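Here's the structure we're looking at; comments come further down.
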Amino acid sequence: DAGVIQSPRHEVTEMGQEVTLRCKPISGHDYLFWYRQTMMRGLELLIYFNNNVPIDDSGMPEDRFSAKMPNASFSTLKIQPSEPRDSAVYFCASSFYRDFSGNTIYFGEGSWLTVV
Amino acid sequence: EDQVTQSPEALRLQEGESSSLNCSYTVSGLRGLFWYRQDPGKGPEFLFTLYSAGEEKEKERLKATLTKKESFLHITAPKPEDSATYLCAVQAGDSSYKLIFGSGTRLLVRP
Numbered sequence: 270d271a272g273v274i275q276s277p278r279h280e281v282t283e284m285g286q287e288v289t290l291r292c293k294p295i296s297g298h299d300y301l302f303w304y305r306q307t308m309m310r311g312l313e314l315l316i317y318f319n320n321n322v323p324i325d326d327s328g329m330p331e332d333r334f335s336a337k338m339p340n341a342s343f344s345t346l347k348i349q350p351s352e353p354r355d356s357a358v359y360f361c362a363s364s365f366y367r368d369f370s371g372n373t374i375y376f377g378e379g380s381w382l383t384v385v
Numbered sequence: 055e056d057q058v059t060q061s062p063e064a065l066r067l068q069e070g071e072s073s074s075l076n077c078s079y080t081v082s083g084l085r086g087l088f089w090y091r092q093d094p095g096k097g098p099e100f101l102f103t104l105y106s107a108g109e110e111k112e113k114e115r116l117k118a119t120l121t122k123k124e125s126f127l128h129i130t131a132p133k134p135e136d137s138a139t140y141l142c143a144v145q146a147g148d149s150s151y152k153l154i155f156g157s158g159t160r161l162l163v164r165p
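Chains as they are written, first to last, in the working numbering: chain A, 270 to 385; chain B, 55 to 165.
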């Protein structure tokens, strides 16, 4: 299995630009998560989907952030406009329902975002 | 508010020197406590899930234990390849699938 695939792996952009991060979950998984990791705040859940439907977006920091999941094999996280404080590693993760067990959550390699 | 605190922030060990990492938590109804390993430039990799106080899980040189307020990750006779950041996460007792992560312990094992 290819695992969770994220792109781009690295992105450097200027403040004010739009950033789109992409994720392909593991085939057959019905949950998809977007996390952000920083030195200051660690790993934070931004939003998660179940069967392509957003379930909890309470972690999305501002209206500048949006996420979509148009189908079971693709999701995007968009930041518009981007700001330097958005610099972080963004992880996508996927899982399949099994008693809500954390051991079924598989993470991608992350997208390293730097906003200058 | 649900919270996870890990200590120490960083730990340096000599190869073969056993030690323990701590994860303290406050959560409204624990559904599960999870340990992940994260290597530089990689995503977190699942290690263990613990569900109730007194439970223990082992994998190679690692053993995770759980009490009502904290969990320990014991590392026995570590090797340099055990060097990584170890993350603890809890899942609360509501219906959410949300995992709350600690800030991690950076472990360095010197040969």
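The beta-carbon is built from N, C-alpha and C at its ideal position, and this holds for glycine as well. In this text the structure is predicted, and so the values were computed from the model without any measurement.
{"Item": "DSSP on aspartate 56 of chain B, reduced to helix/strand/coil?", "Value": "coil"}
{"Item": "Roughly how many angstroms lie between the CA atoms of asparagine 335 of chain A and glycine 272 of chain A, to the nearest whole one?", "Value": "Per the sequence presented here, residue 335 of chain A reads as serine, with asparagine not at that position. One C-alpha to the other measures close to 24 Å."}
{"Item": "For the beta strand (DSSP E) holding lysine 113 of chain B, just list the boundary residues, first then last.", "Value": "110-113"}
{"Item": "Measure the C-alpha to C-alpha separation of phenylalanine 88 of chain B and isoleucine 154 of chain B and round it to an integer number of angstroms.", "Value": "10 Å"}
{"Item": "With respect to the beta strand (DSSP E) encompassing glycine 86 of chain B, which residues constitute its N-terminal and C-terminal limits?", "Value": "84-92"}
{"Item": "Check for me: the beta strand (DSSP E) holding glycine 158 of chain B runs from which residue to which?", "Value": "First-last for glycine 158 of chain B: undefined, no H or E at that position."}
{"Item": "Does the segment 285-293 of chain A come close enough to the segment 336-354 of chain A that 3 or more CB-CB pairs lie under 8 Å?", "Value": "yes"}
{"Item": "For the structure I just gave you, are there three or more beta carbon pairs, one from the segment 289-302 of chain A and one from the segment 333-347 of chain A, closer than 8 Å?", "Value": "yes"}
{"Item": "Any chance you could list the alpha helix (DSSP H) runs of at least 4 consecutive residues sitting entirely within the segment 111-148 of chain B, in chain order?", "Value": "none"}
{"Item": "Given a cut-off of 8 Å on the beta-carbon distance, is the pair serine 78 of chain B and threonine 59 of chain B in contact?", "Value": "yes"}
{"Item": "Counting only Cβ pairs nearer than 7 Å, list the residues of chain A close to proline 185 of chain B.", "Value": "Look at the range of chain B in this structure, 55 to 165, and you will see that residue 185 of chain B is not part of it."}
{"Item": "Can you name, in chain order, every residue of its own chain whose Cβ lies under 7 Å from the Cβ of valine 163 of chain B, other than the five neighbours on each side?", "Value": "Leu67, Glu69, Pro132, Lys133, Pro134, Asp136 and Ser137"}
{"Item": "With a 10 Å radius around its C-beta and 16 neighbouring C-beta atoms as the bar for buried, classify arginine 310 of chain A as buried or exposed.", "Value": "exposed"}
{"Item": "Using a Cβ-Cβ distance cut-off of 8 Å, determine whether aspartate 386 of chain A contacts chain B.", "Value": "Any answer about residue 386 of chain A is impossible in this case: the structure gives chain A only from 270 up to 385."}
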